[in-house]
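Asks: Just passing along the structure, written as structure tokens.
In the UniProt record's numbering, the protein residues as written are 1 to 441.
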């Protein structure tokens, strides 16, 4: 029964009685998203198997690992800044509440659900219409695939810029109720990132569905800046941002100016320097601020969001892909799974560790994901990066208490990895020397 409930929560199937409590500390599962990770991964695997069975294009290893890496980037950020949004929310609720809605009223629960979704609509819309916000949100649109792993491709900074949009609720809605709906609103948006689900009939008029959200992820001109909904598509219909799917026109996923990279660190932050470069083009501060606070497509003399006609119609394009030797794909997959297991363990137990331990663990996880990204891009520096990373595990891994047999197995994997990349790096160095010699001669 608990498994059924777990999957049901991904679709917002939950009753007020299960989650309505007076205080945050009274919640049966304060972190519902962490509890849902096994269900997320189960559906990712199920989607892959269905696509394979139907003979449809399946998730690519490099793209899938990159998307999941971004989800872990967000998770690491949340471990370091846990409760900042909720602290501000609680302080407003405690000090400046206007009217206290009863925590045990079903009406409060449903009003909070609507208010949270309404807040998300404006968070999401601002993330597309304000260039500085788009810099952190663009990573979610950077995949050229549209599958369940794409849902996990999130910005590590998304919550740091979203919190002001929800704070007005603190004047009325108890923190325990808001915390529940913020998480369930996020969890609902997982399943809509798939091409396996087509038309859902009358539900399409009210709910945000895969059919609607596919359009939002398209880089076709008619898809841009549309369908911002989280759970209810009614907000887009009300505020004029709804777009229906065009029959016969294939959606091209990804960014208009697609970034060709599997490096999660680069994808997370590359757009901020672009904003800075754009700001430097202008002489007065008004235009400089406009470059950061108006739409990504804005230029001087144009409307706030830019001229849609200036945006090119993106043709069907070849997806960015790097052909690797099979052993490198296996290597990246194995080390990613080890990193994922470490992240999962840390996310469940980080409150039991010192802040220094958590910080060091987070830095190592982010380093690991970035290093794996370099391998997926077949970058020469990837070999050196992996030698350093695996050496750190050998030197300091004894501080992690795990099963003795598992510990020996992991040590063996990392020791073998050092040998592999040392040989690879030596061969690569010889090739570079040979090429340099030929150029001199």
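No residue lacks a Cβ here, since even glycine has one placed at the ideal position from N, Cα and C.
1) When every heavy atom of the ligand ATP is checked, does at least one fall within less than 8 Å of the C-beta of residue 151?
2) Ends of the alpha helix (DSSP H) at residue 311?
3) Between the alpha carbons of residue 363 and residue 107, how many angstroms are there, rounded?
4) For residue 376 and residue 62, which I take to be in contact (beta-carbon distance under 8 Å), what is that distance rounded to the nearest angstrom?
5) So residue 265 and residue 231 are supposed to be a Cβ contact under 8 Å. How far apart are they, rounded?
6) Across which residues does DSSP place residue 218 in a beta bridge pair?
7) Excluding sequence positions up to five away, which residues of its chain have a Cβ less than 7 Å from the Cβ of residue 12?
8) Under 8 Å: do the segment 96-113 and the segment 198-217 share three or more Cβ pairs, one atom per stretch?
9) Please classify residue 19 as buried or exposed, where buried requires at least 16 neighbouring CB atoms within 10 angstroms.
10) Could you tell me which uninterrupted beta strand (DSSP E) segments, each at least 3 residues in length, are contained entirely in the segment 171-201, listed from first to last along the chain?
11) For residue 43, does the three-state DSSP call read helix, strand or coil?
12) Helix, strand or coil: how does DSSP classify residue 207 here?
13) So, is residue 332 buried or exposed, given that buried needs 16 or more other C-beta atoms within 10 angstroms?
14) At the level of alpha carbons, what is the spacing between residue 112 and residue 84?
15) Please work out which residues of its chain come closer than 8 Å, Cβ to Cβ, to residue 267, disregarding the five sequence neighbours upstream and downstream, and give them in chain order.
16) Please go through the same chain and pick out, in chain order, the residues whose beta-carbon is closer than 8 Å to the beta-carbon of residue 256, but skip the five residues on each side of it.
17) Sort 101, 200, 249, 222 by Cα distance to residue 22 and report the nearest one.
18) Go through its chain and collect everything with a Cβ distance to residue 359's Cβ below 8 Å, but skip five positions before and after it.
19) How would you write the range of the alpha helix (DSSP H) that residue 87 sits in, first residue to last?
20) Over the uninterrupted alpha helix (DSSP H) stretch that includes residue 345, give me the two end residues.
21) In the DSSP assignment, the alpha helix (DSSP H) including residue 134 goes from what residue to what residue?
22) Would the beta-carbon of residue 203 fall within 9 Å of that of residue 27?
23) Name the two residues that bound the continuous alpha helix (DSSP H) containing residue 355.
24) In this structure, does DSSP put residue 167 in helix, strand or coil?
25) Quick check: what's the CA-CA separation for residue 6 versus residue 36?
26) Under a three-way DSSP split, which group does residue 444 fall into?
27) Going by beta carbon distance, what residues of the same chain come within less than 6 Å of residue 186, once the five residues before and after it are set aside?
Replies: According to the data block:
1) For the structure depicted, the ligand ATP is absent and the ligand set is empty, with no information on it obtainable.
2) From DSSP, residue 311 is part of no alpha helix (DSSP H); its letter is neither H nor E.
3) Taking the straight line joining both Cα atoms gives about 43 Å.
4) Right, the Cβ-Cβ distance comes to about 4 Å (below 8 Å), so this counts as a contact.
5) Not really, about 31 Å apart at Cβ, beyond 8 Å.
6) According to DSSP, which records beta bridges pairwise, residue 218 is partnered with 253.
7) The answer, listed in chain order, is 184, 188, 231.
8) Inter-segment contact for the segment 96-113 and the segment 198-217 is absent: fewer than three beta-carbon pairs are separated by less than 8 Å.
9) Buried, since its Cβ has 16 or more Cβ neighbours within 10 Å.
10) As summarised for the segment 171-201, there are no continuous beta strand (DSSP E) elements at least 3 residues long confined to that stretch.
11) DSSP places residue 43 in the helix class (H, G or I) of the three-state scheme.
12) Looking at residue 207 - three-state DSSP - the assignment turns out to be strand.
13) Answer is buried; the Cβ neighbour count reaches 16.
14) The C-alpha of residue 84 is placed about 20 Å away from the C-alpha of residue 112.
15) So the list reads 66, 70, 139, 142, 259, 261, once near-sequence residues are dropped.
16) Closer than 8 Å at the Cβ level, and outside the excluded window around residue 256, lie 219, 224, 311, 312, 314.
17) A check of alpha carbon separations from residue 22 across 101, 200, 249, 222 identifies 101 as the nearest.
18) Residues of the same chain with a CB within less than 8 Å of the CB of residue 359, apart from the 5 flanking positions on each side, are 80 in chain order.
19) For residue 87, the uninterrupted alpha helix (DSSP H) run begins and ends at 84-96, by DSSP.
20) Here the alpha helix (DSSP H) through residue 345 covers 326-349.
21) According to the DSSP assignment, residue 134 belongs to the alpha helix (DSSP H) that extends over 131-137.
22) With respect to residue 27, residue 203 sits apart: the two C-beta atoms are not nearer than 9 Å.
23) Looking at the DSSP string, the run of the alpha helix (DSSP H) that includes residue 355 is 355-376.
24) Three-state result, residue 167: helix.
25) Rounded to whole angstroms, residue 6 and residue 36 show a C-alpha spacing of 7 Å.
26) Outside the displayed span of the chain (1 to 441) sits residue 444, for which this structure offers no information.
27) By the criterion of a C-beta distance shorter than 6 Å, residue 186 is surrounded by no residue of its chain, once the five residues flanking it on both sides are discounted.
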